[in-house]
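Student:
See the structure below:
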């Protein structure tokens, strides 16, 4: 009789998957929002690259481009190779340079045949920074001519407690240091 030959072929290949630190997967071409951060402030987010395939994931490299690419940077790079079922992490920092929306695209180079590069659209909003508490009287750097002098300061936005340092040098605290609670003055 006739004999039939049946051949099965298995493909061995890496398969990239990316998730944010809370574990939710991000699709290739998907988005991540950093929310709002004060101008000159920063917000960082860690991401996990997982190899869901059965061959090493290699050639990992990250590039960021787009309108506000300078507002986003990689502070921790992923390490390759990533073995099958293995993971590596990377961290992206959002540091807005202006008030308003920031957008860029993050590209992860890799050896996954259908997701190279793996792209994530990044967004964030730069906001006006919250004012900090500042001494209002006496003027900083004034020469003190008495042993008792009232100090006053303005309220900082979102401040729940103040700590006062008084010294003879910048950063000094040899004359006085102590918690002021929510008070806005001290004699």
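Numbering (our numbering), first residue to last: 3 to 189.
Where a beta carbon is used, it is the ideal one built from N, C-alpha and C, also for glycine.
#1: Does the Cβ-Cβ distance between residue 53 and residue 87 come in under 8 angstroms?
#2: From this set, 102, 154, 153, which residue's C-alpha is nearest residue 1's C-alpha?
#3: Under three-state DSSP, which class holds residue 121?
#4: According to DSSP, what are the bridge partners of residue 100?
#5: Would a C-beta distance cut-off of 8 angstroms place residue 80 and residue 62 closer than the cut-off?
#6: Do residue 28 and residue 51 have their CB atoms nearer than 8 angstroms?
#7: Can you give the Cα-Cα distance for residue 65 and residue 56, rounded to whole angstroms?
#8: So what does residue 53 bridge to, in DSSP terms?
#9: Quick one: what's got a C-beta closer than 8 angstroms to residue 114's C-beta in the same chain, skipping five residues either side?
#10: Can you pull the DSSP bridge partners for residue 27?
#11: For residue 67, which residues of its own chain have a beta-carbon under 8 angstroms away from its beta-carbon, when the five flanking residues on both sides are left out?
#12: Leaving out the 5 sequence neighbours to the left and right, which residues in its chain are closer than 7 angstroms to residue 70 when beta-carbon positions are compared?
#13: Output yes or no for whether 8 angstroms exceeds the beta carbon distance between residue 33 and residue 125.
#14: Locate the beta strand (DSSP E) running through residue 76, then write down its first and last residues.
Tutor: This is what the structure gives:
#1: yes
#2: Beyond the ends of the chain as shown, which are 3 and 189, falls residue 1; an answer cannot be given.
#3: strand
#4: Answer is none; residue 100 lacks a bridge partner.
#5: yes
#6: no
#7: 26 angstroms
#8: 18
#9: 15, 16, 17, 18, 55, 59, 120
#10: 21
#11: 106, 107, 109
#12: 104, 105, 106
#13: yes
#14: 74–78
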